[in-house]
Amino acid sequence: MLNINKLYVKINKKIIIKNLNLKIKKNNIHILMGPNGSGKSTLSYVITGKPKYKIINGKIIFNKKKINNLLPNKISKLGIFLTFQYPIEINGITMYSFLKNLIKKKKNKLKIIKKNLKKLKINKEYLKRYFNVGFSGGEKKKNEILQMLILKPKFIILDEIDSGLDIDTLNLIFKIIKEYLFLNKNSSLLIITHNTNIINYINASFIHILYNGKIILTSNKIKKTINYINKYGYNNIKNIKLL
Amino acid sequence: MILKNFFFKKDFKILKKDKKINFIIKKIINFKKKKIEDYKYSKIKNIKINKYFFIKKINKIKNINYNKKIINLFFINGLYYKYINNINNNIKILIKNIKIENLKNFYFFLKKYNYYTLFSLIFSYLNKNKCYLIYIKNKYKKKKKINLNLNFIYKEKKNIISNINIFIFIDKNIILKINEKYKIIYNKKKIKILNNILINIIIDKKSKIFFFRFKKKKIKTINNLYIFQKKFSKFFLFDFFLNEKHIINNLYINYLNNNSLTRIYNIILSNNNNIIENNIIINNNFNFCNNKQYYIGLYNDNSYIINNGIINIKNKTKNNISLQNYKNFILSNKVFLFTKPQLNINSNNVKCNHGLIIGKIDNNIINYLLNRGINKNKSKIIFFLSIFNKILNNKNIKNNKKIKKNIKNKIKLILN
Amino acid sequence: MNKKIKKIKKNNYKYGFYTNIKSKTFPLGINKKIIKKISKIKSEPKWIKNLRLKAFKYWKKLKYPNWSNLNYKKINFNFISYFSKIINNKKKNNKKIINTVKKLNLPINNKKKKVAIDFIFDSISLKTTYKNILNKKGIIFCSFNEALKKHSNLVKKYIGTVVPYKDNFYSCLNTSVFSDGSFCYIPKGVKCPIELSSYFRINNNLIGQFERTLIIVDEGGYLSYLEGCTAPIRVNNQIHAAVVELIALKNSTIKYSTIQNWYSGNNKGIGGIYNFVTKRGVCYDNAKITWLQIEKGSALTWKYPSCILKGYKSIGNFKSISFTKNFQQIDTGTKMIHLGKKSKSTIISKSICLDNSINTYRGLVKINRKSKKSKNFTQCDALLIGNKCISNTLPYIIVENSNSIVEHESVISKIEDEQIFYCNQRGINKEKALTIIINGFSMDIIKDLPLEFFLEAKDLFKIDFKNSVG
Chain A
601 MLNINKLYVK
611 INKKIIIKNL
621 NLKIKKNNIH
631 ILMGPNGSGK
641 STLSYVITGK
651 PKYKIINGKI
661 IFNKKKINNL
671 LPNKISKLGI
681 FLTFQYPIEI
691 NGITMYSFLK
701 NLIKKKKNKL
711 KIIKKNLKKL
721 KINKEYLKRY
731 FNVGFSGGEK
741 KKNEILQMLI
751 LKPKFIILDE
761 IDSGLDIDTL
771 NLIFKIIKEY
781 LFLNKNSSLL
791 IITHNTNIIN
801 YINASFIHIL
811 YNGKIILTSN
821 KIKKTINYIN
831 KYGYNNIKNI
841 KLL
Chain B
23 MILKNFFFKK
33 DFKILKKDKK
43 INFIIKKIIN
53 FKKKKIEDYK
63 YSKIKNIKIN
73 KYFFIKKINK
83 IKNINYNKKI
93 INLFFINGLY
103 YKYINNINNN
113 IKILIKNIKI
123 ENLKNFYFFL
133 KKYNYYTLFS
143 LIFSYLNKNK
153 CYLIYIKNKY
163 KKKKKINLNL
173 NFIYKEKKNI
183 ISNINIFIFI
193 DKNIILKINE
203 KYKIIYNKKK
213 IKILNNILIN
223 IIIDKKSKIF
233 FFRFKKKKIK
243 TINNLYIFQK
253 KFSKFFLFDF
263 FLNEKHIINN
273 LYINYLNNNS
283 LTRIYNIILS
293 NNNNIIENNI
303 IINNNFNFCN
313 NKQYYIGLYN
323 DNSYIINNGI
333 INIKNKTKNN
343 ISLQNYKNFI
353 LSNKVFLFTK
363 PQLNINSNNV
373 KCNHGLIIGK
383 IDNNIINYLL
393 NRGINKNKSK
403 IIFFLSIFNK
413 ILNNKNIKNN
423 KKIKKNIKNK
433 IKLILN
Chain C
639 MNKKIKKIKK
649 NNYKYGFYTN
659 IKSKTFPLGI
669 NKKIIKKISK
679 IKSEPKWIKN
689 LRLKAFKYWK
699 KLKYPNWSNL
709 NYKKINFNFI
719 SYFSKIINNK
729 KKNNKKIINT
739 VKKLNLPINN
749 KKKKVAIDFI
759 FDSISLKTTY
769 KNILNKKGII
779 FCSFNEALKK
789 HSNLVKKYIG
799 TVVPYKDNFY
809 SCLNTSVFSD
819 GSFCYIPKGV
829 KCPIELSSYF
839 RINNNLIGQF
849 ERTLIIVDEG
859 GYLSYLEGCT
869 APIRVNNQIH
879 AAVVELIALK
889 NSTIKYSTIQ
899 NWYSGNNKGI
909 GGIYNFVTKR
919 GVCYDNAKIT
929 WLQIEKGSAL
939 TWKYPSCILK
949 GYKSIGNFKS
959 ISFTKNFQQI
969 DTGTKMIHLG
979 KKSKSTIISK
989 SICLDNSINT
999 YRGLVKINRK
1009 SKKSKNFTQC
1019 DALLIGNKCI
1029 SNTLPYIIVE
1039 NSNSIVEHES
1049 VISKIEDEQI
1059 FYCNQRGINK
1069 EKALTIIING
1079 FSMDIIKDLP
1089 LEFFLEAKDL
1099 FKIDFKNSVG
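Protein chains in written order, with the numbering used here: chain A, 601 to 843; chain B, 23 to 438; chain C, 639 to 1108.
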């Protein structure tokens, strides 16, 4: 599904991602971990085509199509979705009038939105409130998942969805994501996280460790890797190959 | 009309004949047409220059005390006093009759950015074309700290006008503290002094300048301060006007390159019939310039206050940050306060902000303090000090007890 | 010429059509004869004629004002026709007018939207609707011409009290040549049940529109008033100089909303209306005046809807959003003059700049010595989108007493890239994302508009950003 080949990325004259390779197949769940500043968020921005992130070398191929220099809205329409770590606020625009723009169908827009609201246990009143203005951290994250359900993407990147959430919401969010993956069998998932407890919530098939802009480890032995990180941290990660 | 008030009658005629400086006269007249609206409320007409005397020579003066560790320059009655000299190797001073034509280039350079004001131009003539160049150089490649005192001393038995035109060039990597100081010898109450200063400071790369102006003497003053900043230079201005009869304070900050930083802190405490006019222009001609201005004022009796602040942001510049913040408190119904904070923005990549509050004393705080057994006058002083502390707690003046004491005393005086 | 017009018509200005209709138009130029002729054709009372002549005499002495930030060629007042009237005999004309009304989307015969409209076409008011309903409540709503004849006393008492003819250059010109306008009187204690409105349309090629509106709300009354305006697309510039006077007596409330949607010129700055308007209201004790305006049209705007807060606890509000594109120039703002004790005023001004436009806020807040315990709050926000646009903020603040509070805040910013990227990531393209953000920015003011305009206002900001965003 997603194939990244020998990728080099720079921002403001600084190279952040060096020679990165990543393959994700259909109906797969991958976890991406790494220390702060290793380039995890950068990777998510590059895939979604954020301006100012320049690809110097390499290819990003999604469903046999090169998406290197596409506009972000076109990448989105191909079916790539990113949940933001810090979702933005738009003053003056209600949730409803924003969400309306995401639905292609002309009829029954409100119905679709309300159906998904119920799943996420969000109050209907929120539709009248301004987009993310005055929302708590959890509500903002729920809003991200709500948009995911509406857009029905094929490839989802969760950028630190678990930071700052209480256990109930975390359970709810992962329950919904699992449900979504079950219903849409072609979709796959990339989870970017710091939280080593992530394996308690979802069964992933691969784990990648990103260090200084390079993937230094890819493994399907997830528990082992995470236990190692919990014990020794990222600094000794190079020795992990000995395992 | 304003022009005629300003010149000695003779001078005006002579100046008009002189071709060499005729171009500036024209400029003034043009300027007058354009910007006269800015001086609509100005009380500049009240200054009648005909009443003052211009002094051409000075004699030696005994008994001047000064701190010998700090470089001191003395200007007596508006003329440079060369007999005291503790200048070290770092400073070069050229004091010559530099005719205005030699500076013509510089004035054209000013013209390019439209920096002219009525004041600065007129006073450069009154100065009889004389100006002082101070060059502060850094012999070492390291950063160097230097302190400089500019002492203005008045010693005369009649009304005098002092015109001083100073250019200060500052080398790279210098941390310089400039202090303006005033002294009056033979002070009789009837004697009037009009002090007008034109200071141009050109700051080279990576230098840092602190400029302190702390005024409490009763002198009519017209300050013209031009700042030109090069790359990565920093300029901090601390203005405290505590007891000015009539002050016109013109400040122009211009950037010659990217990444400059400026901070302006201004406190005005005014009572009686004081007139204070603040005209500040900041020109953001380059990218990544960062300037913030804070003004706090407390006015009583018949104070007459004008605050003109202009922020210009040039076309196609990027990432400039400009902030202008006024806080004013009026204590009497006879105060006249006019404020005009302007923003002229020609670029879409900026962060600009100006805020203005004209307020009264917060009664909740006063009541709280009254409950704690503090009397009303004292609690008012505490209220105002808490506001002034936002400037006074700045690390560069935090340890200066003299300033704090003076401000506290003045607040007491105003509230009574 | 035709080619030029076709080019201009590519501009998506909806109301740019022209109604081909026979009318009687005065020759170009301004002089005593013309003024007498205007007065005669309308068969006015003598005192109005004298007022016109007095104003004209004064106007000739006045200097042409050039203090504003606007750049334009000096207007030649002798190239303007000051009066144009449809020859209203034939049935054909009636049909054409009805068609025009339909095209303009005016709710004249709409039963769902109850709005009384005074429709002013060039120099003359054509129709005033819902007169009967209003008459039952004692409300007078008619054209200015009619008011001069039927309610002469009221007009004579109040005209020129808020905006005297000596006030400024354009108010003086207006007083001498004004043709028609609307008049409204709400009697004591009556709350007007429906919205009243006037709609101004310039149709003729050479005419300048000079109308006068006078609104009086007696003690305890309430009125919400709307004003809309459009004009056909033309190559030349036309002038519109109006005077609006509001009088809010004790305990009354007036809400005056404007949607300015004149033709604003094409993307090369050719054509468009020059708009010089003097709007002012007086508030007596406990009265409240709210100015709401959406500035979208006209090549030049020079307009400062202001309040004189004369009474005890009187309130003045000014809410404005101005949207400029191409080579438009807007110089707008307000004057809040506090005379009464405990008076309050709020100013919210938002501006959005595109292309090569110039957008200026100019506002005066004056708190007089006697108006103790007054309050003012001002907020000016600007959003710059184009690379070549200019935004100016020029507040003038004068305070003369010690227990008033004035607050002024102003922020100038750009749209953050993060916001656009977020919308893009959700599959919304850049133009739509900008529209969403701009709509959000201006929502504070749009939501206060009367419902009748609400739908239209939302459409106002659907604009191609192709020119301005690379």
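A virtual CB, placed ideally from N, CA and C, is assigned to each residue, including glycine.
Since we're looking at a predicted model, the values are computed, not measured.
Query - Segment limits, beta strand (DSSP E) that includes residue 920 (chain C) - result: Taking the first residue of the third sequence as position 1, residue 920 (chain C) is located at position 282. Unbroken beta strand (DSSP E) run through residue 920 (chain C): 910-921.
Query raised in the report: For the putative contact between residue 98 (chain B) and residue 175 (chain B), defined by C-beta atoms under 8 Å, what is the C-beta separation to the nearest angstrom?
Result: Along the second sequence, read from residue 1 onward, the residue named residue 98 (chain B) stands at position 76. Along the second sequence, read from residue 1 onward, the residue named residue 175 (chain B) stands at position 153. The pair is a contact, with the Cβ atoms about 5 Å apart (cut-off 8 Å).
Requested in this report: Would you tell me roughly how many angstroms separate the C-alpha atoms of residue 127 (chain B) and residue 848 (chain C), rounded to the nearest one?
Outcome: On the second sequence, residue 127 (chain B) is found 105 positions in, with the first residue counted as 1. On the third sequence, residue 848 (chain C) is found 210 positions in, with the first residue counted as 1. Only weak support exists for where residue 127 (chain B) lies, its pLDDT of 49 falling under 50; the value from the coordinates is given anyway. Each residue's alpha carbon lies about 53 Å from the other.
Query raised in the report: Is it buried or exposed for residue 787 (chain C), if we count other Cβ within 10 angstroms and need 16 for buried?
Result: Counting from one through the third sequence, the residue named residue 787 (chain C) turns up at place 149. Residue 787 (chain C) comes out exposed.
Query raised in the report: Under a Cβ-count criterion, where at least 16 other Cβ atoms within 10 Å of its own Cβ denotes burial, should residue 384 (chain B) be classed as buried or exposed?
Result: Against the second sequence, residue 384 (chain B) aligns to sequence position 362. By the 10 Å Cβ count, residue 384 (chain B) comes out exposed.
**Report entry** Proximal residues to residue 834 (chain C) (C-beta, below 7 Å), its chain only, five neighbours per side dropped
**Finding:** One-based indexing of the third sequence puts residue 834 (chain C) at position 196. 754, 779, 822, 861 and 863.
**Report entry** Reference residue 160 (chain B); option with closest CA among B:63, B:172 and B:198
**Finding:** Translated into positions along the second sequence, residue 160 (chain B) becomes position 138. Answer by Cα proximity: B:198.
Query raised in the report: Got a sec: is the Cβ-Cβ distance from residue 1052 (chain C) to anything in chain A below 8 Å?
Result: Looking up residue 1052 (chain C) in the third sequence gives position 414. No, because no Cβ of chain A sits closer than 8 Å to the Cβ of residue 1052 (chain C).
Report task. Check the C-beta distance from residue 1005 (chain C) over to residue 982 (chain C) and give it rounded, since I have them as a contact under 8 Å. Result -> As a first step, residue 1005 (chain C) must be located in the third sequence, where it is residue number 367. As a first step, residue 982 (chain C) must be located in the third sequence, where it is residue number 344. Their Cβ separation, rounded to whole angstroms, is 11 Å, which puts residue 1005 (chain C) and residue 982 (chain C) out of contact at 8 Å.
**Report entry** Residue interval of the beta strand (DSSP E) (run including residue 1006 (chain C))
**Finding:** Residue 1006 (chain C) sits at position 368 when you count from the first residue of the third sequence. No beta strand (DSSP E) contains residue 1006 (chain C), which DSSP labels as neither H nor E.
**Report entry** C-alpha gap between residue 843 (chain C) and residue 811 (chain C), whole angstroms
**Finding:** Counting from 1 along the third sequence, the entry for residue 843 (chain C) is found at position 205. Counting from 1 along the third sequence, the entry for residue 811 (chain C) is found at position 173. Distance between the alpha carbons of residue 843 (chain C) and residue 811 (chain C): 20 Å.
Query raised in the report: So which residues on chain C does residue 684 (chain A) lean against when the C-beta distance must stay under 7 Å?
Result: Residue 684 (chain A) sits at position 84 when you count from the first residue of the first sequence. Per Cβ cutoff of 7 Å: 1060.
**Report entry** residue 429 (chain B) versus B:169, B:236, B:259 and B:213, residue with shortest Cα-Cα distance
**Finding:** The residue you call residue 429 (chain B) lines up with position 407 of the second sequence. For residue 429 (chain B), the nearest C-alpha among the options comes from B:236.
Query raised in the report: Going by other Cβ atoms of all chains shown within 10 Å of its Cβ, with 16 needed for buried, is residue 832 (chain A) buried or exposed?
Result: Numbered from 1 along the first sequence, position 232 holds the residue referred to as residue 832 (chain A). So residue 832 (chain A) counts as exposed.
**Report entry** Buried versus exposed call for residue 1033 (chain C) [16 or more other C-beta atoms within 10 Å across all chains shown]
**Finding:** Stepping through the third sequence from its first residue, residue 1033 (chain C) is reached at position 395. Classification of residue 1033 (chain C): buried, given that the 10 Å Cβ count is 16 or more.
Query - Contact set for residue 77 (chain B): own chain, Cβ-Cβ below 8 Å, skip 5 residues either direction - result: On the second sequence, position 55 is the one that residue 77 (chain B) refers to. For residue 77 (chain B), where only same-chain residues beyond five positions count, the Cβ hits under 8 Å are 99, 100, 101, 178, 182 and 184.
Report task. Would you mind reading off the limits of the beta strand (DSSP E) that contains residue 245 (chain B)? Result -> Locating residue 245 (chain B) in the second sequence gives position 223, where the first residue counts as 1. Per DSSP, residue 245 (chain B) belongs to the beta strand (DSSP E) from 242-251.
Query - Three-way DSSP call (helix, strand, coil) for residue 929 (chain C) in this model - result: One-based indexing of the third sequence puts residue 929 (chain C) at position 291. If DSSP states are grouped into helix, strand and coil, residue 929 (chain C) belongs with the strands.
**Report entry** Candidates B:417, B:168 and B:314: closest to residue 195 (chain B) by CA position
**Finding:** As a first step, residue 195 (chain B) must be located in the second sequence, where it is residue number 173. Nearest option by C-alpha distance: B:168.
Requested in this report: Spell out whether any CB of chain B is found under 8 Å from the CB atom of residue 1031 (chain C).
Outcome: As a working note, residue 1031 (chain C) is residue 393 in the third sequence. It does: the Cβ of residue 1031 (chain C) has a partner Cβ on chain B nearer than 8 Å.
Query - Any C-beta of chain A under 8 Å from that of residue 870 (chain C) - result: Here residue 870 (chain C) refers to the residue found at position 232 when the third sequence is read from its first residue. No, residue 870 (chain C) does not count as interfacial toward chain A.
Query raised in the report: Any beta-carbon of chain C closer than 8 Å to the one on residue 54 (chain B)?
Result: What you label residue 54 (chain B) is simply residue 32 of the second sequence in a count that begins at 1. Because residue 54 (chain B) carries a pLDDT of 46, less than 50, the predicted location of this residue cannot be relied on, and the following value inherits that uncertainty. Judged by the 8 Å Cβ criterion, residue 54 (chain B) is not in contact with chain C.
Query raised in the report: Nearest to residue 290 (chain B) by CA position, among B:271, B:282, B:189 and B:188, is which residue?
Result: Here residue 290 (chain B) refers to the residue found at position 268 when the second sequence is read from its first residue. When each option's Cα is compared against that of residue 290 (chain B), the closest is B:271.
Query - Contact set between residue 362 (chain B) and chain C, taken where Cβ atoms lie within less than 8 Å - result: One-based indexing of the second sequence puts residue 362 (chain B) at position 340. Within 8 Å Cβ-Cβ: 1032, 1033, 1034 and 1035.
Query - Of the listed residues A:725, A:696 and A:673, nearest to residue 1067 (chain C) (C-alpha basis) - result: On the third sequence, position 429 is the one that residue 1067 (chain C) refers to. Of the listed residues, the one whose Cα sits closest to residue 1067 (chain C) is A:673.
Query raised in the report: Which residues, in chain order, does the segment 630-646 of chain A contribute to contact with chain C at a C-beta distance below 7 Å?
Result: none
Query raised in the report: Using CA coordinates, which residue listed in A:830, A:790 and A:836 is at the minimum distance from residue 811 (chain A)?
Result: The residue given as residue 811 (chain A) occupies position 211 in the first sequence. The shortest Cα separation from residue 811 (chain A) among A:830, A:790 and A:836 belongs to A:836.
Query raised in the report: If you drop the 5 nearest sequence neighbours on each side, which residues of the same chain put their C-beta closer than 8 Å to that of residue 716 (chain A)?
Result: Along the first sequence, read from residue 1 onward, the residue named residue 716 (chain A) stands at position 116. If we look at residue 716 (chain A) and ignore the five residues flanking it on each side, its Cβ neighbours are 746, 749 and 750.
Report task. Taking residue 676 (chain A) as the query, report the chain C residues whose CB atoms sit under 7 Å from its CB, ordered along the chain. Result -> Reading the first sequence from its first residue, position 76 is the one you call residue 676 (chain A). Within chain C, the residues near residue 676 (chain A) are 1062, 1063, 1064 and 1065.
Query raised in the report: Taking 8 Å as the CB-CB limit, is residue 1074 (chain C) close to chain A?
Result: Start at 1 with the first residue of the third sequence, and residue 1074 (chain C) comes out as number 436. Yes, contact with chain A.
Report task. Assess, as a yes-or-no matter, whether the segment 640-652 of chain A is touched by the segment 715-730 of chain A under the definition of 3 or more beta carbon pairs within less than 8 Å. Result -> no
Query - CA-to-CA distance, residue 234 (chain B) to residue 642 (chain A), given in whole angstroms - result: One-based indexing of the first sequence puts residue 642 (chain A) at position 42. One-based indexing of the second sequence puts residue 234 (chain B) at position 212. For residue 642 (chain A) and residue 234 (chain B), the distance between alpha carbons rounds to 47 Å.
Query raised in the report: Is the segment 1046-1059 of chain C close to the segment 364-379 of chain B, with three or more CB pairs under 8 Å?
Result: yes
**Report entry** Rounded C-alpha distance that separates residue 103 (chain B) from residue 165 (chain B)
**Finding:** Residue 103 (chain B) sits at position 81 when you count from the first residue of the second sequence. Residue 165 (chain B) sits at position 143 when you count from the first residue of the second sequence. Spanning the two alpha carbons is a distance of roughly 30 Å.
Report task. Using beta-carbon positions only, say whether residue 916 (chain C) and residue 796 (chain C) come within less than 8 Å of one another. Result -> Taking the first residue of the third sequence as position 1, residue 916 (chain C) is located at position 278. Taking the first residue of the third sequence as position 1, residue 796 (chain C) is located at position 158. Contact flag unset, no.
Report task. Can you give me, in chain order, the residues of the segment 1017-1028 of chain C that have a beta carbon less than 8 Å from any beta carbon in chain B? Result -> 1020, 1022, 1023, 1024, 1025, 1026, 1027 and 1028
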